[in-house]
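Each residue of the first sequence is one higher than the one before, counting from 87 in the working numbering.
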Amino acid sequence: MPELPEVETIKNDLIPYVVGKTITNVTFPPDPKIRILRRFPSQNKFITELQGTKIKSLQRRAKYLIFDIQPSRTLIMHLGMSGQLLIRKAGVPPEPYLQAIFHLENATEIRFVDPRKFGELFLKLPSSKDFPLNLSRLGPEPLGESFSLIYFTTVIQKSRRKIKTLLMDQKAVAGIGNIYSDEILFRAKIHPERIAFGLKEREIELLHRTIRKTLREAIFNRGTTASDGRYLNGTGRRGKFQTKLKVYQRQGEPCYRCGAIIRRVRIGGRSASFCPQCQK
DNA sequence: AGTACAGCCTGCCTGC
DNA sequence: TGCAGGCAGGCTGTAC
Numbered sequence: 087m088p089e090l091p092e093v094e095t096i097k098n099d100l101i102p103y104v105v106g107k108t109i110t111n112v113t114f115p116p117d118p119k120i121r122i123l124r125r126f127p128s129q130n131k132f133i134t135e136l137q138g139t140k141i142k143s144l145q146r147r148a149k150y151l152i153f154d155i156q157p158s159r160t161l162i163m164h165l166g167m168s169g170q171l172l173i174r175k176a177g178v179p180p181e182p183y184l185q186a187i188f189h190l191e192n193a194t195e196i197r198f199v200d201p202r203k204f205g206e207l208f209l210k211l212p213s214s215k216d217f218p219l220n221l222s223r224l225g226p227e228p229l230g231e232s233f234s235l236i237y238f239t240t241v242i243q244k245s246r247r248k249i250k251t252l253l254m255d256q257k258a259v260a261g262i263g264n265i266y267s268d269e270i271l272f273r274a275k276i277h278p279e280r281i282a283f284g285l286k287e288r289e290i291e292l293l294h295r296t297i298r299k300t301l302r303e304a305i306f307n308r309g310t311t312a313s314d315g316r317y318l319n320g321t322g323r324r325g326k327f328q329t330k331l332k333v334y335q336r337q338g339e340p341c342y343r344c345g346a347i348i349r350r351v352r353i354g355g356r357s358a359s360f361c362p363q364c365q366k
């Protein structure tokens, strides 16, 4: 499940291969039910609007990848739960679940692979009205300056939701999903079902610091490839942060810190793993 | 307005 | 053995 650290890693891997390159063509498999484009008028228009354009820059915002295209277009990708972006030379046999290929100059391809089809592609044109994606609604980047302790304290103190749910709310703070919310809360020793506004100031301060520290460490380790093996970075390799996971997918196993059995509950329709002894 | 939740999707695992 | 059912969780839309 690509979250902020995984998308950041993919972005960094892709940049040397794609920035400054011309998109010569875009192709899709002959599947009429392709969903990644369901928000765009037509597949053909998507293709013709990109042919011959150039990728000026590649950025990440939350879990989105944003390709700034010349002339005046923005190509936005979301990998959903199971999406991968792989750099391949033309002629390499297609991967299973290949959903789209962006052909670049020099016989290089960006391949969008996605078994579960939660991934999406967006193309913003100068004429786009009512664009279905509003990135400005996203909350601050947790590693950016706007994610201040004052901001975070304000958000927490006015929310009656469980803290795990709040951490995963992209409007509160952008880029955190199920894996990192579990890991952050364990590291901050906070129970995932605590109501946000009940957190003490020192807990909020610790949580704020732990969010940044955990995400930085995960980026340094090039993301988490969980047991499903689905996340691969832009060069097709696995991440390393899975070896540092303390609670995610460890239910029934002993806590590394205190030996208590890691528990799992459902919070907001999602599984949450935590140590019932360490996390209060 | 803030919050909760169903639904989309499909490979994999469990239990009968 | 085979199959049904549950689970995984990104996000949006809808309802309370």
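Even for Gly, the Cβ is constructed at its ideal location relative to N, Cα and C. Source: prediction; values computed, not measured.
How long is the line joining the alpha carbons of valine 259 and proline 182, rounded to whole angstroms?
Taking the first sequence and counting its residues from 1, the one referred to as residue 259 is at position 173. Taking the first sequence and counting its residues from 1, the one referred to as residue 182 is at position 96. When rounded, the distance between both Cα atoms is 34 Å.
Identify the continuous beta strand (DSSP E) that holds isoleucine 173 and give its terminal residues.
For the purposes of this step, residue 173 is taken as the residue at position 87 of the first sequence. Note, isoleucine 173: beta strand (DSSP E), 170 to 175.
Expressed to the nearest angstrom, what Euclidean distance is found between the alpha-carbon atoms of tyrosine 103 and leucine 285?
Here residue 103 corresponds to residue number 17 of the first sequence, with the count starting at 1. Here residue 285 corresponds to residue number 199 of the first sequence, with the count starting at 1. Going from the Cα of tyrosine 103 to the Cα of leucine 285 covers about 45 Å.
State buried or exposed for isoleucine 262, treating a residue as buried only when at least 16 other CB atoms are found within 10 Å of its CB.
For this step, residue 262 is matched to residue 176 along the first sequence. Isoleucine 262 is buried by the Cβ-count criterion.
Determine the extent of the beta strand (DSSP E) in which threonine 160 is found, giving its start and end residues.
Taking the first sequence and counting its residues from 1, one reaches residue 160 at position 74. Threonine 160 -> beta strand (DSSP E) spans 159 to 164.
Inter-residue CB distance, glycine 169 and proline 88 (contact presumed, cutoff 8 Å):
As a working mapping, residue 169 is identified with position 83 in the first sequence. As a working mapping, residue 88 is identified with position 2 in the first sequence. Going by Cβ atoms, the distance from glycine 169 to proline 88 rounds to 7 Å, so yes, they are a contact pair.
Mind checking whether alanine 186 and phenylalanine 198 have CB atoms under 7 Å apart?
Within the first sequence, residue 186 is the residue found at index 100, counting from 1. Within the first sequence, residue 198 is the residue found at index 112, counting from 1. Yes; because the gap between Cβ atoms is below 7 Å, this pair is in contact.
Would phenylalanine 126 and leucine 209 qualify as a contact pair, given that the criterion is a beta-carbon distance under 7 Å?
Position 40 of the first sequence holds residue 126. Position 123 of the first sequence holds residue 209. Going by C-beta atoms, phenylalanine 126 is nearer than 7 Å to leucine 209.
How would you call serine 359, buried or exposed, if buried means at least 16 neighbouring beta carbons within 10 angstroms?
Translated into positions along the first sequence, residue 359 becomes position 273. That one is buried.
Considering only the alpha carbon of each residue, which of Val241, Ala176, Arg147 lies closest to leucine 190?
Counting from 1 along the first sequence, the entry for residue 190 is found at position 104. Considering only alpha carbons, the answer is Ala176.
Following the continuous alpha helix (DSSP H) through valine 104, name the residue where it begins and the one where it ends.
Taking the first residue of the first sequence as 1, we reach residue 104 at position 18. Its alpha helix (DSSP H) spans residues 90 to 104.
Which stretch, first to last residue, makes up the alpha helix (DSSP H) that contains lysine 131?
Stepping through the first sequence from its first residue, residue 131 is reached at position 45. 129 to 136 is the extent of the alpha helix (DSSP H) around lysine 131.
Glutamine 156 burial status per 10 Å Cβ neighbour count (16 or more: buried)
Within the first sequence, residue 156 is the residue found at index 70, counting from 1. Flag for glutamine 156 reads exposed.
Looking only at its own chain, which residues have a Cβ that is under 6 Å from the Cβ of proline 118, when we skip the five neighbours before and after it?
Position 32 of the first sequence, counted from the start, is the residue given in the question as residue 118. Because proline 118 sits at a pLDDT of 48, beneath the cut-off of 50, its placement in the model cannot be relied upon, and the point is left open.
I'd like to check one pair, threonine 296 with alanine 274: are the Cβ atoms closer than 7 Å?
Residue 274 sits at position 188 when you count from the first residue of the first sequence. Residue 296 sits at position 210 when you count from the first residue of the first sequence. Going by C-beta atoms, alanine 274 is nearer than 7 Å to threonine 296.
Which runs of the beta strand (DSSP E), 3 residues or longer, sit entirely within the region 198 to 269?
206 to 210
Excluding the five sequence neighbours on either side, which residues of its own chain have a C-beta within less than 7 Å of the C-beta of serine 245, listed in chain order?
As a working mapping, residue 245 is identified with position 159 in the first sequence. Closer than 7 Å at Cβ, skipping near neighbours: Leu252, Ala282, Phe283.
Please list the segments of the beta strand (DSSP E) lying wholly inside the region 321 to 354, counting only runs of 3 or more residues, in order along the chain.
349 to 353
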